[in-house]
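Residues are numbered in the numbering used here as their position in the sequence shown, beginning at 1, plus a constant of 125.
What follows is a short report on a single structure.
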Amino acid sequence: MLSCSHGGATLAELGAAALATPPAVAGETPAAAGDAPAAGDAPAAGDAPGAAIGAPALAGAAPAALPTAPPTASPAGAGSWVEHLAEAAGLQERPPRAQRQWNHIAAAAGADCRDALKRAGARFQAIADTEKPNKKGCGIPHGVLLTRGPTGITYSPPLQIDCSLALRLADIERVIQEEAEAHLGSPIARISTLGSYACREVRGRMRRWSEGLSEHSFGNAFDIARFSPKRGRQVSVLRDYVLRGAEPSTREGRFLRSITWRLRAEGAASRVLGPDFDASHRDHLHVDCGTPRWY
Numbered sequence: 126m127l128s129c130s131h132g133g134a135t136l137a138e139l140g141a142a143a144l145a146t147p148p149a150v151a152g153e154t155p156a157a158a159g160d161a162p163a164a165g166d167a168p169a170a171g172d173a174p175g176a177a178i179g180a181p182a183l184a185g186a187a188p189a190a191l192p193t194a195p196p197t198a199s200p201a202g203a204g205s206w207v208e209h210l211a212e213a214a215g216l217q218e219r220p221p222r223a224q225r226q227w228n229h230i231a232a233a234a235g236a237d238c239r240d241a242l243k244r245a246g247a248r249f250q251a252i253a254d255t256e257k258p259n260k261k262g263c264g265i266p267h268g269v270l271l272t273r274g275p276t277g278i279t280y281s282p283p284l285q286i287d288c289s290l291a292l293r294l295a296d297i298e299r300v301i302q303e304e305a306e307a308h309l310g311s312p313i314a315r316i317s318t319l320g321s322y323a324c325r326e327v328r329g330r331m332r333r334w335s336e337g338l339s340e341h342s343f344g345n346a347f348d349i350a351r352f353s354p355k356r357g358r359q360v361s362v363l364r365d366y367v368l369r370g371a372e373p374s375t376r377e378g379r380f381l382r383s384i385t386w387r388l389r390a391e392g393a394a395s396r397v398l399g400p401d402f403d404a405s406h407r408d409h410l411h412v413d414c415g416t417p418r419w420y
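Rendered as structure tokens:
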């Protein structure tokens with residue numbers, strides 16, 4: 126199964142347990158008052174609930190070797206132990222989040238991505254590659270305008286997304302079709318979208334965890350408003366989604382509950398945000414393949 130999780134390990138994942146109780150060394154001079162911690166010493170506060178997917182090893186290289194005994198640390202804090210972990214993870218000088226988002230997408234889609242997408246059965250038009258973000262920090266590295274996904278679902282309007290996200294549609298649609306057969310008794314023929322590529326900042330509750338640009342700004346997200354099965358009533362997120370705490374009483378509500386939970390749990394998408402996340406998602410499901418963490 127394809128997974129949206131591709132990126133470097135974070136400081137928290139490499140050494141959270143060690144940093145919780147840094148070793149103190151007798152006789153070491155305490156850090157001077159007002160000394161600032163090194164960049165990347167600790168992850169940003171406020172990880173989004175349920176958003177993180179286990180990060181793989183550092184791409185393109187063997188895992189960095191950590192010492193058998195941690196370096197000395199000052200009584201005032203984690204000190205050089207934190208710095209060592211940051212250096213081992215390559216996080217001492219993290220680029221701005223917009224650049225990390227761009228790198229995440231550009232690295233995920235190789236030169237053969239569109240050929241693989243064609244073999245998967247999708248229908249699309251290629252969009253000229255973009256070598257770097259525009260002045261606002263936005264752009265799609267390897268874009269496609271996709272009208273039909275691998276399982277035959279038609280997207281209206283078409284999805285303007287990066288090829289890397291388009292390849293993930295095989296697993297995303299598989300979940301949707303399995304739950305549609307189970308709860309609606311019919312496969313999904315069409316998905317009505319509210320948007321894909323858009324150069325804009327994060328909206329709603331996510332602004333608390335993100336530094337600015339939405340995944341939409343890189344063609345790495347799309348919004349679903351309605352599902353149209355081959356037979357039966359159209360499923361509307363605005364009308365049929367049942368918030369947490371209440372059990373869906375309709376088959377449409379059970380379908381939406383099931384696909385949301387499965388996509389989140391199985392990793393076909395990095396994030397699926399809906400009406401149970403905040404009011405700005407009351408009428409759609411936001412699906413993206415962004416970096417495992419928002420900070």
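Just so you know, even glycine gets a beta-carbon here, dropped at the ideal spot from N, CA and C.
Just so it is clear, the structure is predicted and the values come from calculations on it, not from any experiment.
Candidates the options: closest to residue i by CA position
i	options	result
residue 265	225, 322, 316 and 348	322
residue 310	342, 354, 414 and 271	354
residue 279	397, 248, 263 and 375	248
residue 296	275, 252, 282 and 316	275
residue 313	375, 358, 394 and 370	358
residue 363	391, 405 and 395	405
Opposing strand residues paired with residue i [DSSP bridges]
i	result
residue 396	413
residue 421	Within the shown structure, residues of the chain are numbered from 126 to 420, placing residue 421 beyond reach of any answer.
residue 326	338
residue 354	313
Per-residue DSSP class, three states only, for residue i
i	result
residue 182	Low confidence applies to residue 182: its pLDDT is 40, below 50, so where it sits in the model is not reliable enough to give any reading.
residue 237	coil
residue 100	Residue 100 falls outside the range modelled here, since the chain spans only 126 to 420, and no answer is possible.
residue 207	With a pLDDT of only 47 at residue 207, under the threshold of 50, the placement of this residue in the model should not be trusted; the figure read from the coordinates follows. In this structure, residue 207 counts as helix in the three-state DSSP scheme.
residue 338	strand
residue 298	helix
residue 303	helix
residue 405	helix
residue 374	coil
residue 279	strand
residue 243	helix
residue 391	helix
residue 368	coil
Distance between beta carbons of residue j and residue i, contact taken as under 8 Å
i	j	result
residue 267	residue 287	6 Å
residue 421	residue 344	Residue 421 cannot be examined here, being either before or after the span of the chain that is shown, 126 to 420.
residue 389	residue 397	5 Å
residue 382	residue 367	6 Å
residue 269	residue 347	Going by Cβ atoms, the distance from residue 269 to residue 347 rounds to 12 Å, so no, they are not a contact pair.
Residue range of the beta strand (DSSP E) that includes residue i
i	result
residue 320	313 to 320
residue 249	248 to 251
Span of the alpha helix (DSSP H), counted from its first residue to its last, around residue i
i	result
residue 364	362 to 365
is_contact[residue i, chain B] using C-beta, thresh 9 Å
i	result
residue 241	No chain B appears in the structure shown, which is made up of a single protein chain.
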